[in-house]
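Numbering (the working numbering), first residue to last: 125 to 334. To keep things clear, I will list the structure first and then write my remarks on it.
Right, dumping it as structure tokens:
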């Protein structure tokens, strides 16, 4: 495409300007290779086609005939095509996705063909679970509380795997995930403290008025 699909965004990854007092603490996107591996299970797909190709070669030697390696070529070609498509989809998803953590919310601009932005205030987030890999990439899944729900299909692949009944939006395959989880935890705790203080002041004002 010869133009930027998101050039109308007033702030990268967000559909509108930040309200007064809100500031961005972190922005990032999934790693394309990590997203392909974690969300699209490319290693499993590669393994499946490798096994099928090997089985075809071995089976070609049934009945005492010499094994013919060419018997595995169709599965090797199908596997290569399937993996190429999955990697392409993963890299497009990674390129068009922007995760944003502010001092008030988590925002997720997701979707390649149909782009949506999920805004998740910290008061909606009951907990955040980090799944960390040895290379430092990881996924942060947000367990939403109350009646806040999102469709798993709308969120995928930016959702915690296998949580269909209660989908959990997730920051998938992000680099330096442990540090990002720390930023999110500190921001959420700070916002909870501010909200508690505001509620206490409001209660005090009501009591004083009485």
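C-beta atoms are modelled at their ideal positions from N, C-alpha and C, and glycine is treated no differently.
Item: Could you give the DSSP three-state label for residue 198: helix, strand or coil?; Value: helix
Item: Just reading off the beta strand (DSSP E) that residue 246 is part of, what are its end residues?; Value: Taken as a continuous stretch (DSSP letters only), residue 246 belongs to no beta strand (DSSP E), as it is neither H nor E.
Item: Quick check on the DSSP output: the beta strand (DSSP E) that includes residue 263 runs from which residue to which?; Value: 262-268
Item: Count the other CB atoms, across all protein chains shown, that sit within 10 Å of the CB of residue 199; report buried if there are 16 or more and exposed otherwise.; Value: buried
Item: From this set, 230, 135, 237 and 171, which residue's C-alpha is nearest residue 305's C-alpha?; Value: 230
Item: For residue 184, which residues of its own chain have a beta-carbon under 6 Å away from its beta-carbon, when the five flanking residues on both sides are left out?; Value: 191, 192 and 195
Item: On the DSSP bridge assignment, give the partners of residue 231 in chain order.; Value: 224 and 243
Item: Can you confirm whether the region 202-213 touches the region 249-256 when touching is taken to mean that 3 or more C-beta pairs between the two stretches lie within less than 8 Å?; Value: no
Item: What is the DSSP secondary structure of residue 162, reduced to helix, strand or coil?; Value: helix
Item: Please determine, among 258, 273 and 216, the residue with the shortest C-alpha to C-alpha distance to residue 153.; Value: 216
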